[in-house]
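Everything on this sheet refers to the single structure shown next.
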Amino acid sequence: MVNHGETLFSPVYVIDVATALETMMKNETTISSTYELYGPAVYSMREIYDIIDDIMKKKRTRLNVPSPIALGITKLLTYLPWPYLTPDEIERYCISDKPGKAVGGGEVKTFSDLGVELVDLESKAIQVVRRYRSNTHFDQPISKNIGKVKKGVYHVEY
């Protein structure tokens, strides 16, 4: 973990971004507008790891690696035929997401201006992460609560 897991992210579901892009392409009123497509909630990297650990029913060891050391290690890893982690990813892990301002001081629009209803991280994480559970926890039932991060309670849609 870089930066003690304190970097803030606003994860967004890729289908929400695709829907927004489709709306922008079809709607002429979106021409020359600036859009920031960020997720409905802000999480620290540590919180995202906690959600993943909870879904996987596993407690993974987390080591904080100072960013200069992590950058050095990833520069060496780039010589492998398949880099696991790149230096630009380490730099990105140290920059928090922040809503900005449009160039020239104009208005910045978001998903709500496009009429896109966002899906939260908790409701989609289970679909991606569940396959990495061990066989002893794979078929455990999942509660139908939506939108609340509660230990051991996640929602899945089929």
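For the sequence shown, UniProt numbering gives the first residue as 1, with consecutive numbering after it.
Heads up, the beta-carbon is just placed ideally off N, CA and C, and yes, glycines get one too.
In this text, all values refer to a predicted model and were calculated from it rather than measured experimentally.
In this structure, M1 places its C-beta atom within 9 angstroms of the C-beta atom of L63. The three-state secondary structure of T61, taken from DSSP, is coil. Non-local beta-carbon contacts of T30 in its own chain, meaning distances under 6 angstroms to residues more than five positions away in sequence, involve M24 in chain order. Under DSSP, no beta-bridge partner is assigned to F138. About 5 angstroms separates the Cβ atoms of E36 and V108, confirming a contact at the 8 angstroms cut-off. Here Y43 is buried: its Cβ has 16 or more other Cβ atoms, across all protein chains shown, within 10 Å. Here L76 is exposed: its Cβ has fewer than 16 other Cβ atoms, across all protein chains shown, within 10 Å.
Distance between T86 and D16, taken at the CA atoms: about 27 angstroms. Nearest C-alpha to T7 among V65, Y13, I95 and V14: I95.
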